[in-house]
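In our numbering, the protein residues as written are 301 to 520.
Right, here's the structure in full:
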């Protein structure tokens with residue numbers, strides 16, 4: 301795997317049930333944090349373990365933080381909106397019950413916000429959603445690297461909040477949208493491996509290809 305290069309890749313998973321109204325939550329817990337070996341060619345590069353939990357629009361990047369269609373909290377205590385993130389307090393570590401709450405209730409003081417709770421207690425202020433995602437269905441989304449994550453969509457929370465909030469699995473039908481899986485007609489998936497010369501526009505070509513083919517996910 302190119303001197304352990306696979307350990308630097310971030311995985312992403314997005315639910316097919318999106319929230320378009322109301323106030324709903326889901327839970328995440330790190331149950332294992334993997335120790336990784338450093339590559340001799342890339343010593344100390346980047347964070348060894350990564351966890352980002354939030355929501356995103358359908359069709360946005362599967363890696364939270366790589367497109368404007370996602371909002372999230374990460375294990376380092378940051379809140380991210382699209383490609384921009386800022387420190388908001390509250391690091392996520394192993395065996396903590398993490399609740400991610402999306403509030404789209406227009407009658408609430410925290411309408412159009414994302415909140416993080418740790419072991420049932422609020423961590424930081426509710427964070428405003430950017431205009432780029434307001435008004436669109438938002439789907440539960442996690443991105444992670446070198447951790448094993450347990451996800452609970454409901455119907456009951458593992459750790460109750462100070463107030464009542466329904467989970468994604470118990471969402472009212474009018475408040476959600478369900479996307480059908482779009483598998484290839486022939487059942488086969490495709491991998492494209494571009495080959496180019498350094499400083500000859502390879503990355504520009506890749507950006508253009510991804511813009512025209514949003515169903516592909518970049519691994520680099």
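Ideal placement from N, C-alpha and C gives every residue a C-beta, glycine not left out.
**OP:** Throw me the rounded Cβ distance for the residue 323 and residue 408 pair, which I believe falls under 8 Å.
**Re:** One-based indexing of the chain shown puts residue 323 at position 23. One-based indexing of the chain shown puts residue 408 at position 108. With a Cβ gap of about 7 Å, residue 323 and residue 408 count as contacting.
Original post:
Under 9 Å between the Cβ atoms of residue 527 and residue 327?
Top reply: For the chain, the structure presents residues 301 to 520; residue 527 sits outside this window and is missing.
**OP:** Using a threshold of 9 Å, state whether the C-beta atoms of residue 373 and residue 396 are closer than that.
**Re:** Your numbering for residue 373 matches position 73 in the chain shown. Your numbering for residue 396 matches position 96 in the chain shown. Their beta carbons are not under 9 Å apart, which means residue 373 does not touch residue 396 by this criterion.
Original post:
Between residue 315 and residue 423, what straight-line distance do the alpha-carbon atoms span, to the nearest angstrom?
Top reply: Position 15 of the chain shown, counting from 1, holds the residue named residue 315. Position 123 of the chain shown, counting from 1, holds the residue named residue 423. Cα to Cα, residue 315 sits roughly 24 Å from residue 423.
Subject >> Spatially closest choice to residue 406 from 394, 434, 311, 350, by CA coordinates >> reply: As a working note, residue 406 is residue 106 in the chain shown. Here the closest residue by C-alpha is 434.
**OP:** Below 8 Å on the Cβ atoms is my guess for residue 330 versus residue 447; work out the distance and round it to an integer in Å.
**Re:** Translated into positions along the chain shown, residue 330 becomes position 30. Translated into positions along the chain shown, residue 447 becomes position 147. So it is a contact: roughly 5 Å between Cβ atoms.
**OP:** In angstroms with no decimal places, state the Cα-to-Cα distance between residue 335 and residue 474.
**Re:** The residue given as residue 335 occupies position 35 in the chain shown. The residue given as residue 474 occupies position 174 in the chain shown. Going from the Cα of residue 335 to the Cα of residue 474 covers about 44 Å.
Original post:
Should residue 311 and residue 443 be called a contact, given that it needs their Cβ atoms to be closer than 9 Å?
Top reply: Residue 311 sits at position 11 when you count from the first residue of the chain shown. Residue 443 sits at position 143 when you count from the first residue of the chain shown. Yes.
Subject >> Chain-order list of residues whose beta-carbon lies under 7 Å from that of residue 353 (same chain, five-residue window excluded) >> reply: On the chain shown, residue 353 is found 53 positions in, with the first residue counted as 1. Result list for residue 353: 328, 372, 373, 398, 400, 442, in chain order.
**OP:** Report the residue from 370, 417, 391 whose alpha carbon sits nearest the alpha carbon of residue 431.
**Re:** Along the chain shown, read from residue 1 onward, the residue named residue 431 stands at position 131. For the residues 370, 417, 391, the minimum Cα distance to residue 431 belongs to 370.
**OP:** Can you tell me which of the three DSSP states residue 440 falls into?
**Re:** One-based indexing of the chain shown puts residue 440 at position 140. Residue 440: strand per DSSP, three-state reduction.
**OP:** Determine the direct distance from the alpha carbon of residue 487 to that of residue 436, and round the result to whole angstroms.
**Re:** Indexing the chain shown from 1 puts residue 436 at position 136. Indexing the chain shown from 1 puts residue 487 at position 187. Those two C-alpha atoms are separated by around 30 Å.
**OP:** Look at the alpha carbon of residue 506 and the alpha carbon of residue 495, and state the distance between them as a whole number of angstroms.
**Re:** Taking the first residue of the chain shown as 1, we reach residue 506 at position 206. Taking the first residue of the chain shown as 1, we reach residue 495 at position 195. Answer to the nearest angstrom: the Cα atoms are 11 Å apart.
Original post:
Where DSSP assigns a beta bridge to residue 403, which residues make up the other side?
Top reply: Taking the first residue of the chain shown as 1, we reach residue 403 at position 103. Residue 403 is bridged to 323, 413.
Original post:
At which residues does the alpha helix (DSSP H) containing residue 511 begin and terminate?
Top reply: The residue labelled residue 511 in the question sits at position 211 within the chain shown. Segment 502-512, the alpha helix (DSSP H) holding residue 511.
Original post:
Roughly how many whole angstroms lie between the Cα atoms of residue 309 and residue 471?
Top reply: As a first step, residue 309 is located in the chain shown; it is residue number 9 there, counting from the start. As a first step, residue 471 is located in the chain shown; it is residue number 171 there, counting from the start. Residue 309 and residue 471: Cα-Cα distance of roughly 33 Å.
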